[in-house]
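Visitor: Here UniProt numbering is used: the first residue of the sequence shown is 1, the next is one more, and so on.
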Amino acid sequence: MTSVVWFRKDLRLADNKALINASQTTERLLFVFHINPKQLLDKNSLNQAAFFKAVSNFREELIKQGITLNILYGDLETSFKKLKAKVAFTDIYFNVAEQGFGKERDDTMRQFFIKELDVRVHLTQDGYLHGAQDILKKDGHPYQKFTPYFSRWQGKVPQPVITYKLSQQQLIKTDYFPMNLPYLEALTKTKNSAIEQLAFGHTQALVRLTDFIQNQLADYVKNREIPYLDASSHLSRFLRTGEISIREVYQKIAELPASESKDAFIRQLAWRDFYNMVAANHPQAKTVSIKARFDQLAWENDADAFSRWKNGTTGFPLIDAAMRELKTTGFMHNRLRMVVASFLTKDLLIDWRFGEQYFQEQLIDYDSANNIGNWQWVASTGVDSMPYFRIFNPLSQSKKYDAQGIYIKRYVRELNELPVEFIHWPAGMTTAEQKKYNFDLKNDYFLPIIDHNFARKRALDVYKKV
Ligand code: FAD
Numbered sequence: 001m002t003s004v005v006w007f008r009k010d011l012r013l014a015d016n017k018a019l020i021n022a023s024q025t026t027e028r029l030l031f032v033f034h035i036n037p038k039q040l041l042d043k044n045s046l047n048q049a050a051f052f053k054a055v056s057n058f059r060e061e062l063i064k065q066g067i068t069l070n071i072l073y074g075d076l077e078t079s080f081k082k083l084k085a086k087v088a089f090t091d092i093y094f095n096v097a098e099q100g101f102g103k104e105r106d107d108t109m110r111q112f113f114i115k116e117l118d119v120r121v122h123l124t125q126d127g128y129l130h131g132a133q134d135i136l137k138k139d140g141h142p143y144q145k146f147t148p149y150f151s152r153w154q155g156k157v158p159q160p161v162i163t164y165k166l167s168q169q170q171l172i173k174t175d176y177f178p179m180n181l182p183y184l185e186a187l188t189k190t191k192n193s194a195i196e197q198l199a200f201g202h203t204q205a206l207v208r209l210t211d212f213i214q215n216q217l218a219d220y221v222k223n224r225e226i227p228y229l230d231a232s233s234h235l236s237r238f239l240r241t242g243e244i245s246i247r248e249v250y251q252k253i254a255e256l257p258a259s260e261s262k263d264a265f266i267r268q269l270a271w272r273d274f275y276n277m278v279a280a281n282h283p284q285a286k287t288v289s290i291k292a293r294f295d296q297l298a299w300e301n302d303a304d305a306f307s308r309w310k311n312g313t314t315g316f317p318l319i320d321a322a323m324r325e326l327k328t329t330g331f332m333h334n335r336l337r338m339v340v341a342s343f344l345t346k347d348l349l350i351d352w353r354f355g356e357q358y359f360q361e362q363l364i365d366y367d368s369a370n371n372i373g374n375w376q377w378v379a380s381t382g383v384d385s386m387p388y389f390r391i392f393n394p395l396s397q398s399k400k401y402d403a404q405g406i407y408i409k410r411y412v413r414e415l416n417e418l419p420v421e422f423i424h425w426p427a428g429m430t431t432a433e434q435k436k437y438n439f440d441l442k443n444d445y446f447l448p449i450i451d452h453n454f455a456r457k458r459a460l461d462v463y464k465k466v
């Protein structure tokens, strides 16, 4: 009996449910990863390059252990038909997607395997501590609010990490599709050198987790909101590729002594489960506001304003620093994701879908459920979202979370020579002050794109109308 293990966002051997399931029940195993051209983004996408670098790294790690990952490329059904023509497999194992494009694909492919290829399908939920259907209200309906969801979530113990060993005799070592390797290679290419410096793989993810536990977790509550301290775990990019299992992350944190920071971190992991559940229950949420009336909002959608937001040239130093961090590194601190998303939707009145799409291209931790859920939260259009009248003030956020302007100066270099009193709002400098510091707002930096007080009132009016 020969089985295929189809890897997707679970790029690891350790604690991989589909793989464990397959290895315990089958004689011969063949590993595959499928590249679907229909799913590909623009070739300049940092998200995409980082994802395929993780795939490529996984393949190389497997080779070191004498294991082959066959790369399929092209139309899904044709690719698996070609595979079946080469290897007469009877079973296929994969960790199922519960929402988004992945769910549609899995629903279709499940039928295809059974009906067209006469192959048995074995599905497992591996990507979340609790799957989309696991935490429901007593009446069986999904939760709309995070707080009650979280109390129920806390009452359920996640499955433990499973350790196991693959037998070399089980593994099929032939690479049936070497002609597809150049496609994979091409997808890892990007002009952005920051990505070249990233390390990938389960070992790296563990190094990150261990370092976080030893050096940052104790002060997570105190420091996590301060962008220049960069005190969060940075595990998101490993979680979205599945280079580390969520159960392994949870277990290593859960076994630590009780602390406020430990609780706060685990709560963040619950948000991840929550948004997976929300996405599963709102399959159209990438294109439709969950609170449908907000699709009547009179957005301005000014193309020039959108471009200035993306390029970090709005004249609001904190916004510009955050957007430049995103563009150069593919990452942005959580607090700043909220601030820039609020600025785009409420100050500039640009539809949240444009921002969500841009984040999809840029974020190396891009995860559709998290991104859409959080964008709709900030835009006040989603489940349990921020009330529409809560609008972040970019200036107060800047003074509160980057008091000394350390973060701003890291990315908005043209403000490096300004004293702290002007760093948050250079537009407030008089002509004499500009002269004194040899700084010309218009030529050395940017005039503010908008007046926040005007923008706030305008947003309130527009939101109130719906
Ligand atoms: P930590 O603070 O160390 O948190 C640990 C883990 O908890 C994260 O890795 C993540 O898996 C989860 N988590 C933390 N915060 C959230 C949250 N608000 N929602 C869901 N899960 C969370 N996160 C993504 O993983 N992918 C995205 O595409 C994404 N887009 C976002 C867009 C916006 C507008 C906003 C406001 C937030 C977005 N987030 C997204 C959530 C959050 O910003 C990131 O998960 C976090 O910054 C990643 O850094 P970290 O791993 O160091 O987080």
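Ideal placement from N, C-alpha and C gives every residue a C-beta, glycine not left out.
Since this is a predicted model, take the numbers as computed values, not measurements.
Looking at the unbroken alpha helix (DSSP H) that takes in residue 431, where does it start and where does it end?
Guide: For this step, residue 431 is matched to residue 431 along the sequence shown. Residues 431 to 436.
Visitor: Taking 7 Å as the limit between beta carbons, can you name the residues of its chain near residue 206, skipping five residues before and five after?
Guide: If you number the sequence shown from 1, residue 206 lands on position 206. So the list reads 244, once near-sequence residues are dropped.
Visitor: With a threshold of 7 Å, establish whether the CB of residue 363 neighbours any heavy atom of the ligand FAD.
Guide: Along the sequence shown, one-based indexing puts residue 363 at 363. Yes, the ligand FAD has a heavy atom inside 7 Å of this Cβ.
Visitor: Determine whether the beta carbon atoms of residue 449 and residue 287 lie at a separation below 8 Å.
Guide: The residue given as residue 449 occupies position 449 in the sequence shown. The residue given as residue 287 occupies position 287 in the sequence shown. It is not a contact, given that the beta carbons lie outside the stated cut-off.
Visitor: Rounded to a whole number of angstroms, what is the C-alpha to C-alpha distance between residue 84 and residue 280?
Guide: Numbered from 1 along the sequence shown, position 84 holds the residue referred to as residue 84. Numbered from 1 along the sequence shown, position 280 holds the residue referred to as residue 280. Residue 84 and residue 280: Cα-Cα distance of roughly 31 Å.
Visitor: Residue 454: which of 421, 348 and 239 sits nearest, CA to CA?
Guide: One-based indexing of the sequence shown puts residue 454 at position 454. Among 421, 348 and 239, the Cα nearest to that of residue 454 belongs to 348.
Visitor: Could you tell me which whole beta strand (DSSP E) segments of length 3 or greater appear in the stretch 375 to 403?
Guide: Whole beta strand (DSSP E) segments, 3+ residues: zero.
Visitor: According to DSSP, is residue 295 part of a helix, a strand, or is it coil?
Guide: Sequence index remark: in the sequence shown, residue 295 carries index 295 (1-based). If DSSP states are grouped into helix, strand and coil, residue 295 belongs with the helices.
Visitor: Among 260, 335 and 70, which has the Cα closest to the Cα of residue 226?
Guide: As a working mapping, residue 226 is identified with position 226 in the sequence shown. Closest option to residue 226, Cα to Cα, is 335.
Visitor: Any heavy atom of the ligand FAD inside 7 Å of the beta-carbon of residue 375?
Guide: The residue given as residue 375 occupies position 375 in the sequence shown. The answer is yes for residue 375.
Visitor: Which residues in the same chain have their Cβ closer than 6 Å to the Cβ of residue 309, if we skip the five residues on either side of it in sequence?
Guide: Residue numbering aside, residue 309 sits at position 309 when the sequence shown is read from its first letter. If we look at residue 309 and ignore the five residues flanking it on each side, its Cβ neighbours are 344.
Visitor: Whose C-alpha, out of 230, 389 and 277, is nearest the C-alpha of residue 103?
Guide: Counting from 1 along the sequence shown, the entry for residue 103 is found at position 103. Closest option to residue 103, Cα to Cα, is 277.
Visitor: Closer than 7 Å: is that where the CB of residue 378 sits relative to any heavy atom of the ligand FAD?
Guide: As a working note, residue 378 is residue 378 in the sequence shown. Yes, since a heavy atom of the ligand FAD falls inside the 7 Å radius drawn around the Cβ of residue 378.
Visitor: For residue 107, which three-state DSSP category applies?
Guide: Taking the sequence shown and counting its residues from 1, the one referred to as residue 107 is at position 107. It is helical.
Visitor: So does residue 367 have its beta carbon nearer than 7 Å to some heavy atom of the ligand FAD?
Guide: Numbered from its first residue, the sequence shown carries residue 367 at position 367. Checking the Cβ of residue 367 against the ligand FAD gives yes.
Visitor: Check whether the Cβ of residue 56 lies closer than 7 Å to any heavy atom of the ligand FAD, and answer yes or no.
Guide: The sequence position of residue 56 within the sequence shown is 56, counting from 1. It does not: the Cβ of residue 56 is nowhere closer than 7 Å to a heavy atom of the ligand FAD.
Visitor: From the DSSP output, in three-state form, read off residue 44 for me.
Guide: To locate residue 44, count along the sequence shown from 1; it is residue 44. In this structure, residue 44 counts as coil in the three-state DSSP scheme.
Visitor: If I measure Cβ to Cβ from residue 328 and keep anything under 8 Å in the same chain, skipping five residues before and after, which residues do I get?
Guide: Here residue 328 refers to the residue found at position 328 when the sequence shown is read from its first residue. 192, 194 and 411.
Visitor: Would you mind working out which of 382, 298 and 5 sits nearest residue 70, comparing C-alpha positions?
Guide: For the purposes of this step, residue 70 is identified with residue 70 of the sequence shown, where counting begins at 1. Among 382, 298 and 5, the Cα nearest to that of residue 70 belongs to 5.
Visitor: In angstroms with no decimal places, state the Cα-to-Cα distance between residue 154 and residue 443.
Guide: Taking the sequence shown and counting its residues from 1, the one referred to as residue 154 is at position 154. Taking the sequence shown and counting its residues from 1, the one referred to as residue 443 is at position 443. Whole-angstrom Cα-Cα distance: 54 Å.
Visitor: Based on the DSSP secondary-structure assignment, which residues constitute the bridge partners of residue 278?
Guide: By one-based count along the sequence shown, residue 278 stands at place 278. Partner(s): none; residue 278 has no beta bridge.
Visitor: For residue 312 and residue 33, what's the separation of their Cα atoms in angstroms?
Guide: By one-based count along the sequence shown, residue 312 stands at place 312. By one-based count along the sequence shown, residue 33 stands at place 33. When rounded, the distance between both Cα atoms is 37 Å.
Visitor: With a cut-off of 8 Å on the beta carbons, I'd call residue 357 and residue 330 a contact; round off their distance for me.
Guide: Residue 357 sits at position 357 when you count from the first residue of the sequence shown. Residue 330 sits at position 330 when you count from the first residue of the sequence shown. Residue 357 to residue 330, Cβ: 15 Å. No contact.
Visitor: Is there contact here, the stretch 8 to 26 with the stretch 92 to 99, by at least three beta-carbon pairs under 8 Å?
Guide: Counting Cβ pairs under 8 Å, three or more are found: they touch.
Visitor: Can you give me the Cβ contacts of residue 388 inside the same chain, cut-off strictly under 7 Å, excluding the 5 residues immediately before and after it?
Guide: Position 388 of the sequence shown, counted from the start, is the residue given in the question as residue 388. Around residue 388: 380 and 463.
Visitor: Quick check: does the Cβ of residue 271 come within less than 7 Å of any heavy atom belonging to the ligand FAD?
Guide: As a position in the sequence shown, residue 271 is number 271, starting the count at 1. Within the cutoff, so yes.
Visitor: Quick check on this structure: which residue in 142, 150, 108 and 170 has the alpha carbon closest to the alpha carbon of residue 22?
Guide: Within the sequence shown, numbered from 1, the residue matching residue 22 stands at position 22. That would be 170, whose Cα lies nearest to the Cα of residue 22.
Visitor: Looking at the secondary structure, which residues open and close the beta strand (DSSP E) in which residue 28 lies?
Guide: Within the sequence shown, the letter at position 28 stands for residue 28. Looking at the DSSP string, the run of the beta strand (DSSP E) that includes residue 28 is 28 to 35.
Visitor: Return the chain-ordered list of same chain residues with a C-beta closer than 8 Å to the C-beta of residue 15, the five sequence neighbours on each side being excluded.
Guide: Along the sequence shown, one-based indexing puts residue 15 at 15. Excluding sequence neighbours, residue 15 sits near 161, 162, 163, 245, 247 and 248.
Visitor: What do you get for residue 370, buried or exposed, if any count of 16 or more other CB atoms within 10 angstroms of its CB means buried?
Guide: By one-based count along the sequence shown, residue 370 stands at place 370. Counting Cβ neighbours within 10 Å, residue 370 comes out buried, since at least 16 surround it.
Visitor: How far does the alpha helix (DSSP H) with residue 449 in it reach, from first residue to last?
Guide: In the sequence shown, counting from the first residue as 1, residue 449 sits at position 449. Counting along the chain, residue 449 falls outside any alpha helix (DSSP H), and DSSP gives it neither H nor E.
Visitor: Report the rounded CA-to-CA distance for residue 229 versus residue 416, giving the unit in angstroms.
Guide: Here residue 229 refers to the residue found at position 229 when the sequence shown is read from its first residue. Here residue 416 refers to the residue found at position 416 when the sequence shown is read from its first residue. Computed Cα separation, rounded: 18 Å.
Visitor: Kindly list the residues whose CB is nearer than 7 Å to the CB of residue 113, restricted to its own chain and excluding five residues on each side of it in sequence; keep chain order.
Guide: For the purposes of this step, residue 113 is taken as the residue at position 113 of the sequence shown. Once the five neighbours on either side are set aside, the close Cβ partners of residue 113 are 92, 119 and 121.
Visitor: With DSSP collapsed to three states, give me the class of residue 94.
Guide: One-based indexing of the sequence shown puts residue 94 at position 94. The answer is strand: DSSP assigns residue 94 an E or B state.
Visitor: DSSP beta-bridge partners for residue 128?
Guide: Counting from one through the sequence shown, the residue named residue 128 turns up at place 128. In the DSSP output, where bridge partners are listed per residue, residue 128 has none listed.
Visitor: Is the closest heavy atom of the ligand FAD to the C-beta of residue 401 under 7 Å?
Guide: In the sequence shown, residue 401 corresponds to position 401, counting from 1. Not under cutoff, so the answer is no.
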